[in-house]
Structure formats: C-alpha cells, structure tokens
Amino acid sequence: MTEHDAPAIDGAALVLASVSSAAELDLLNAWVDEQRRAHPDADIEVLQLPREEPPAPVVAQLVDQLARDQDRTVVPVRVFWNAAGLPTRVKVVGLLAGRDTYRPPEMLQRRILQRDPSRARVVAGEPAQVSALREQWQENTGGGHPRDFARFVLRRAELAVERIEYRLLGPEYKSPRLIKPEMLSSARFRDGLAKVPGATVDAAGAILDELATGWSRFSVDLIPSFSRFLYGRGFDPQIDYDTDQVETMRTALETHPAVMLWSHRSNLDSAVLTVALQENQLPRAHLFAGINMSFGFMGPLLRRSGVIFIRRNVGSDPVYKYVLKEYVGYLVAKRFNLSWSIEGTRSRTGKMLPPKLGLLSYVADAYVEGRSEDILLQPVSISFDQLHETAEYAAYARGGEKAPEGVGWLYNYIKAQGERNFGKIYVRFPAAVSMRDYLGEPGSEPAEGSAEFRLALQKMAFEVAWRILRTTPINATALVSALLLTTRGAAMTVGQVHHTLQDSLDYLERKNTPLTESTRRLRSTDGVRAALDALSGGQPVTRTDGGREPVWRIKPEDELQGAFYRNTLIHAFLETSIVELALASVARADGDRLTAFWDQAMRLRDLLKFEFYFADTAAFRRNIAEEMDWHANWEDSVSAGVAGVNTLLEAKRPMMAHAMLRPFIEAYSIVADVLCDASADIGEKELTERALGLGRQYAAQKLIRSNEAVSALLFTTARQVVADQGLLTASADLPERRRAFRAELRAILADMDRLNTISLRQFISRETQRSSDRVPDPDTGEH
Numbered sequence: 001m002t003e004h005d006a007p008a009i010d011g012a013a014l015v016l017a018s019v020s021s022a023a024e025l026d027l028l029n030a031w032v033d034e035q036r037r038a039h040p041d042a043d044i045e046v047l048q049l050p051r052e053e054p055p056a057p058v059v060a061q062l063v064d065q066l067a068r069d070q071d072r073t074v075v076p077v078r079v080f081w082n083a084a085g086l087p088t089r090v091k092v093v094g095l096l097a098g099r100d101t102y103r104p105p106e107m108l109q110r111r112i113l114q115r116d117p118s119r120a121r122v123v124a125g126e127p128a129q130v131s132a133l134r135e136q137w138q139e140n141t142g143g144g145h146p147r148d149f150a151r152f153v154l155r156r157a158e159l160a161v162e163r164i165e166y167r168l169l170g171p172e173y174k175s176p177r178l179i180k181p182e183m184l185s186s187a188r189f190r191d192g193l194a195k196v197p198g199a200t201v202d203a204a205g206a207i208l209d210e211l212a213t214g215w216s217r218f219s220v221d222l223i224p225s226f227s228r229f230l231y232g233r234g235f236d237p238q239i240d241y242d243t244d245q246v247e248t249m250r251t252a253l254e255t256h257p258a259v260m261l262w263s264h265r266s267n268l269d270s271a272v273l274t275v276a277l278q279e280n281q282l283p284r285a286h287l288f289a290g291i292n293m294s295f296g297f298m299g300p301l302l303r304r305s306g307v308i309f310i311r312r313n314v315g316s317d318p319v320y321k322y323v324l325k326e327y328v329g330y331l332v333a334k335r336f337n338l339s340w341s342i343e344g345t346r347s348r349t350g351k352m353l354p355p356k357l358g359l360l361s362y363v364a365d366a367y368v369e370g371r372s373e374d375i376l377l378q379p380v381s382i383s384f385d386q387l388h389e390t391a392e393y394a395a396y397a398r399g400g401e402k403a404p405e406g407v408g409w410l411y412n413y414i415k416a417q418g419e420r421n422f423g424k425i426y427v428r429f430p431a432a433v434s435m436r437d438y439l440g441e442p443g444s445e446p447a448e449g450s451a452e453f454r455l456a457l458q459k460m461a462f463e464v465a466w467r468i469l470r471t472t473p474i475n476a477t478a479l480v481s482a483l484l485l486t487t488r489g490a491a492m493t494v495g496q497v498h499h500t501l502q503d504s505l506d507y508l509e510r511k512n513t514p515l516t517e518s519t520r521r522l523r524s525t526d527g528v529r530a531a532l533d534a535l536s537g538g539q540p541v542t543r544t545d546g547g548r549e550p551v552w553r554i555k556p557e558d559e560l561q562g563a564f565y566r567n568t569l570i571h572a573f574l575e576t577s578i579v580e581l582a583l584a585s586v587a588r589a590d591g592d593r594l595t596a597f598w599d600q601a602m603r604l605r606d607l608l609k610f611e612f613y614f615a616d617t618a619a620f621r622r623n624i625a626e627e628m629d630w631h632a633n634w635e636d637s638v639s640a641g642v643a644g645v646n647t648l649l650e651a652k653r654p655m656m657a658h659a660m661l662r663p664f665i666e667a668y669s670i671v672a673d674v675l676c677d678a679s680a681d682i683g684e685k686e687l688t689e690r691a692l693g694l695g696r697q698y699a700a701q702k703l704i705r706s707n708e709a710v711s712a713l714l715f716t717t718a719r720q721v722v723a724d725q726g727l728l729t730a731s732a733d734l735p736e737r738r739r740a741f742r743a744e745l746r747a748i749l750a751d752m753d754r755l756n757t758i759s760l761r762q763f764i765s766r767e768t769q770r771s772s773d774r775v776p777d778p779d780t781g782e783h
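With UniProt numbering as the guide, the letters of the sequence shown map in order to residues 1 to 783.
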C-alpha cells in the first residue's frame, strides 16, 4: 500500500466503504482485515455503501452510526481501478452512458483481478471526526434533520476519496462532483434563491441538471485524441507554441484559479485549446459553450468532457441567471479553471470582436464576495494559417443565414476539414491579468454592481483582448491577402509580390511584431511562391498559368474570404494607417495644421472604435508621436503645409491606410448614403437590407473600390457608428447632420485615393528599379 491507502486510525472508526460488486467486496474485506491487524486497539466498524445514491435504509443506518460518538473518526474508502485492460469501444459506451469508464463491468472484475491483481486496490480519503463534520454542516447549511447531516457526510466522504484519486491520476483528472446536492443544501444558495421572484428549489435543481458537467477519466484521454484527429485532417499536427509563455503560465496557475479567455475564429478553437493544455501538462479548464452545440451524441460526450452548456438568451429568466451565477461562483471557490471565448462568438470578419462581459461579471462577483483571494484572467491567442470556414463567413457577409448545428452539420464540417492542407496552428499564452489588480482586495471598492465595478470589469476585459492581439503572430496568408486585395483583381507576379511586401516586413520587424516562420520566409521569392501556392485554387487566390510566368490575384467573388485573413493583421498597421490619413487631411485644413493633424487622428480613432482595439487616449497619442518620430522634424513639415506633408508621405514606407481601412470607411459611407433618404427611426434590418442593395449597385458601377465593403457584418458595426454619432435620433437638424457625416466620410475616402496614388508611384518606382537591376550585361550576359 501507499501512504494514501493507509490512514491513521486511532480509537473508534467508522469506515464508509463504497463497493458494489463481489470482487470489490473481497478487496474491501481484505483491506479491513489488514487495518485491524495494523491497529489492534482500534474499534473499526464498516458501513457498506453502493456506488450510486444510497437508499433510505442505508441513510438511516448512517444516522444511527453518527449519533453514537462525536469523537468517532469517519474514514471513506473506495476501490480504485486503473485504466489498463478495457477495450476502447467499451470505454466509449461507458462514457456516453455516464459510467466510470475505468471500472470494468462487474461480471469481468474477478477474472481481471485473477490475471492482474494490481488492476485495483482500496484507497482511503482523509479521515474526519464526526464533531468536525457536524460543525462544517451547520456552518454551510444552517443545520437541519439528522438525515440531512448523514447525506452531508456522504458527500464529504465521496469528495475526500476523489481527492486521493486525483493525486494518483494527476491534476488534469480533477472534476467537479456533487455540485447539485452541495449547492441545493447550502444556506447561502437557498437564501439568495428565496429573493428571486418565482424561484423554487425544484426549478433551480432542473437548471443545475442542465449545467452539470464533469470529467470522466476516459474522456480526459479520449477528447484530446479526438481533437487531434479533427484538426489533424487539415493542419500540421504539431501546434506552434512559445515555450517561455507556457512556463510562465504554468507557474501562475499553481497559485490561483484561472479563466482562460481565448480568441475565436473557428469551431476548432476549443479543440485546439484542449490539446494545448494536455500537451503542455497544464491544468484542464471547464469550457462554457452555447447549448446549440449539445446535439445528438455530442451532448452527453461533451458534458462528460468538461463542457458546460449554457442558454444563449437568459435576460428574461432571473432564476436561470441566479443559478448560473452561483454555479460559476461554486466552481471558482473550488479552484476549478474555466474557459470561454472572450468575444462570445466566432469573429466572422477575422478581427477581434468587443469582449462580452456576462460570464466574466459572474466570476468578478465571486471574487468580490471573497470566494478566492485572486483569480487570473489568462489570455489565449489561437490562430491559423488558413480556415475552410472563410467560405461560410463570406456567405454571412452577403446576407446568408447561419446553418443550424446537428449531426449532419458535424459530418460536413469534418469532411471539409480534410479537403486540403490548411497550414499550421499557433497558440500563445500572454501574461495573465490579475483580478486583484483591477478590483482591489475582495470586499473592497469598487462595490459589486457599481459603475466603478463595471468600468474596472471593462478595463480588465480590454486588457485581456489587447494582450491577445499583441501576441498573435502575423502569418504569410494575411500579408499576401492584404496586398492582393489592393489591386482590385489585377494579377501580380511572384517578383512583384515579393518586392512590394518588403516594406511591410521592415515595419513589422522594426515594431517587434510577432511573426510566424512563413512570414519570415517572405524575405525570399521561394517563400512568397510557397505562400501564394498555399492560397491558390480560389482559397482565396487564383493562379493563372500559360504566359511568360505565373501570376496570382484575388477575384472579386473571393474578396470577402481574402478580407478575413487581411483583417487578422490590421491591428499591427492600425496606428500607422491613421498617421497617413491624418497627414493627408492636413491639405484640407485651415489654421494650425499641427492641431488639425492631431484632431483628425483622434477623430479617426473615435470613428473606428467599434471596429478595432485602441490604446487609451494618452497611450494612443504617444504611439502616434512615436510613429511620426521616425521622420526627422516632422512637426515642422506638418506646420509648413501641403508641401511639407507631401514630402513626409512620399518618404513613408509602407503606405497602408488604403489597404487596411478603406473597406470599413466605404461600408460606413454606404450606410450614411442610405440614411440621407431614410426615416429617423429606420430599423436595423431595413437599414442592412437597403445598404446591401445600394452597396451591390455601387460595386456594379465601380463607385466603390472593393466588394468586401458590401457586407452585412460591416454594416452591423456601421450602424453602431451612426448611432454613436446621434444619427438615429430624431431632431430638427438630423438631415443636415446625416449629410455632413456622409461628406466627412467621402473626404476620408478622397484622402485614401491620394494615398493610394502615392503608393502606386512607389510601386512603379520599385518595379522600374527591379527591372533595371535584371537587365543583362551586354558583354557577359549576366544580370
């Protein structure tokens, strides 16, 4: 036996033995005999319990036993089976049925033990005196009938044995158990429930059944294997990590519970995170997922794999909100790690969405209430070279509907995943955000639910998202797509793509931006060709052969897929793009041109705040100043007027505003156009439909530069922008203000045209130089 198998038994002891087969009973009897020989003076009694919920007669026996002696020691024991020997198919059936998948069927147990006695042994949990257990019961539940105390002891006994098994198996097997009876018996929970209008214990219990989750031992092993199969059909099976980040995260998670908040671009994200945690031997996290994913066999499989299914819309159900909040608090108090997408849903545009605060506010409530001395918000960046889901996202942007999840949907998803090679997967773990740093000591200001609390919560969430963005590596797919989208369908040779990308690579390296290996290889023409070929076949790049050399382009119908990849890197070029637009606007300014430059930079930040993450105002100004400090005496040049600004713009490398921001401003302009002849109270659906129609017209007339601006997804954000500008609120001057807003956007687009002209001149100059460098020497014939 190990030290965990043999507790110290002195005096009177009651052994609560959870066994339910003849083979297990034999093991128990042998263990008890050994204890009696080891402790001849001890008075050891055994109460045999079934593995399932004990029936009333057994509970009655326990009531009598607990009443005999308050100094008596209670020792919980159970037969522990290790994993070997069972066929995988038997384990899968057991997992779906909710059984212990490491425990062999009773009819096979004796035969297994005859062949290999080491397959099972009796383990004992930490002993506890009856008096101490009674004190805990009264503190947690307020007391009650002796039967309630007996059931409390049974729950504590099971949890004690579970803790020993976790030590034997490893921390990744830790799973929440007995949540429903623990919560329903809690005086705290019942007191809070009584304050919820219309709430009943039965209704709360039904909700807890819906939320119930846990790890079976086999699911801990099975789900990562299934996840590898799923993404391995289309991706390099070796995930790309930053090992220093992994070790930093490991150290942080040793001291506090964590919420792993990840970026969401694909339905593969949670599968990738599961594998990443297992491969790096990091603690597991319980995943919150929409209940729409609980379909067919996936529901029971995922529930027994640590997934917590929650309803999407709970605002009108105060009972559900209360139970969910307390459920989250219970898990935090028990130091279980949690996990969900900070964006709440997949980003179908490629850029990060604003953080959702619902679940995070429940975790913050638990912290403020003192359920943990600190909680870490662990950012997780999950990114991909390519995704087959971009075709689906393009359909959404055109106004299509989301396909409902189901077995058929899952089959088609897995099939699509294996259709081609999508490249590599990248996982990054930036430094965790401490809840204590933002909310202070538990119970201190800001008070739960106050405006200060809400602001602190928002700042925490934005910091998490910001750290995700700053550590997500830029990949070659994104850079190549960004370039080809600027040509409006015109094809480029590999040499043209190569030399045009070098300025962007210089900028990213100067800013110490994380890059993938595929991006670094864009320094060579071979690396560029590999990136182009990986995107060829309309995914989203089309290759044309048969001429002097191959050429590549993005067709108009593939622009929305290309835009998804381009949008994943805009944050890296966002501030330099704003610098360009602010400089270009100086030509239209009267008075102090330096002031005009800063005013326009801040105005662009305000217009784009619903699209992108920005540093706070002071940090943003510092960042803009840093961008400009790369140009000597830039303030004098701006103050000098158009000539000085032109000198700055002609020298600037790279020119990015047109490539990065034009589709968003064009989308806003289309919506502004619709508003100029729309009613003040135009609804969201009507506004989107009219914008889609007008956008398609403008695209056909070549009045806009890109089809990607005609997007229901961008029009949704555009509606937020016009609402923020007060253009959806009736007033006497509303038509005038709407026209002024449209004129402002058109002026920004005119600035982009000017910047694009400068960029084209730079391209032609480099292309001319490149061609002259390739002219052969007339004497030697060498280049």
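Heads up, the beta-carbon is just placed ideally off N, CA and C, and yes, glycines get one too.
- CA-CA distance, residue 689 to residue 256, rounds to 49 Å.
- Per DSSP, residue 256 lies in no beta strand (DSSP E) and is assigned neither H nor E.
- By the Cβ-count criterion, residue 222 is buried, with 16 or more other Cβ atoms from all chains shown falling within 10 Å of its own Cβ.
- The three-state reading of DSSP puts residue 705 in coil, since its state is none of H, G, I, E or B.
- Between the C-alpha atoms of residue 66 and residue 300 there is a straight-line separation of about 37 Å.
- The beta carbon of residue 209 lies closer than 6 Å to none in the same chain, with the five residues before and after it left out.
- Just measuring C-alpha positions, the residue of 499, 575, 751 sitting nearest residue 606 is 575.
- Secondary structure within the stretch 374-405: the beta strand (DSSP E) runs of 3 or more consecutive residues, fully enclosed, are 376-384 (chain order).
- Separation of residue 318 and residue 532 (C-alpha to C-alpha, rounded to the nearest whole angstrom) is 53 Å.
- With fewer than 16 other Cβ atoms from the protein chains shown falling within 10 Å of its own Cβ, residue 591 counts as exposed.
- For residue 492, the pairing in a beta bridge is given by DSSP as 552.
- Non-local C-beta neighbours of residue 290 in its own chain, meaning closer than 6 Å and more than five positions away in sequence, comprise 312, ordered along the chain.
- In the DSSP annotation of this structure, the continuous segment of the beta strand (DSSP E) that includes residue 286 starts and ends at 285-290.
- Per the coordinates, the alpha-carbon of residue 27 lies some 11 Å from the alpha-carbon of residue 109.
- Two segments are said to touch when three or more pairs of C-beta atoms, one from each, lie closer than 8 Å; by this definition the stretch 379-397 touches the stretch 250-268.
- Per DSSP, the beta-bridge partners of residue 337 are 285.
- Restricting attention to beta strand (DSSP E) runs no shorter than 3 residues, the stretch 656-728 encloses none.
- Shown here for residue 157: same chain residues with a beta carbon closer than 6 Å to its own, the five before and five after excluded, namely 16, 76 in chain order.
- Nearest neighbour of residue 536 by Cα position, chosen from 552, 316, 118, turns out to be 552.
- In the same chain as residue 197, and ignoring 5 residues on each side of it, the C-beta atoms closer than 7 Å to its own belong to 318, in chain order.
- For residue 692, the CB contacts under 6 Å within the same chain, skipping 5 residues up- and downstream, are 399 in chain order.
- The beta carbon of residue 128 sits closer than 8 Å to the beta carbons of 73, 74, 156, 160 from its chain, once the five residues preceding and following it are set aside; these are given in chain order.
- About 6 Å separates the CB atoms of residue 489 and residue 556; that is less than 8 Å, so the two are in contact.
- Cβ contact annotation for residue 541 (same chain, cutoff 8 Å, sequence separation greater than five): 480, 481, 484, 532, 535, 552, 553, 554, 558, 562, in chain order.
- Residue burial is scored here from C-beta neighbours: residue 460 has at least 16 other C-beta atoms within 10 angstroms and is therefore classed as buried.
- The beta carbons of residue 512 and residue 405 sit no closer together than 8 Å.
- Secondary structure remark: continuous alpha helix (DSSP H) runs of at least 4 residues inside the stretch 543-591, in chain order: 559-567, 570-585.
- Assignment of residue 311 by DSSP, reduced to helix, strand and coil, places it in the coil class.
- In this structure, residue 630 keeps its C-beta atom at 8 Å or more from the C-beta atom of residue 648.
- Contact between residue 323 and residue 207 holds, since their C-beta atoms are separated by about 4 Å, short of 8 Å.
- The stretch 691-709 makes no contact with the stretch 635-644; the number of CB pairs closer than 8 Å stays below 3.
- Residues of the same chain with a CB within less than 8 Å of the CB of residue 184, apart from the 5 flanking positions on each side, are 190, 201, 204, 205, 208 in chain order.
- A Cβ-Cβ separation of about 17 Å leaves residue 294 out of contact with residue 346 under the 8 Å criterion.
- C-alpha of residue 43 to C-alpha of residue 82: approximately 31 Å in a straight line.
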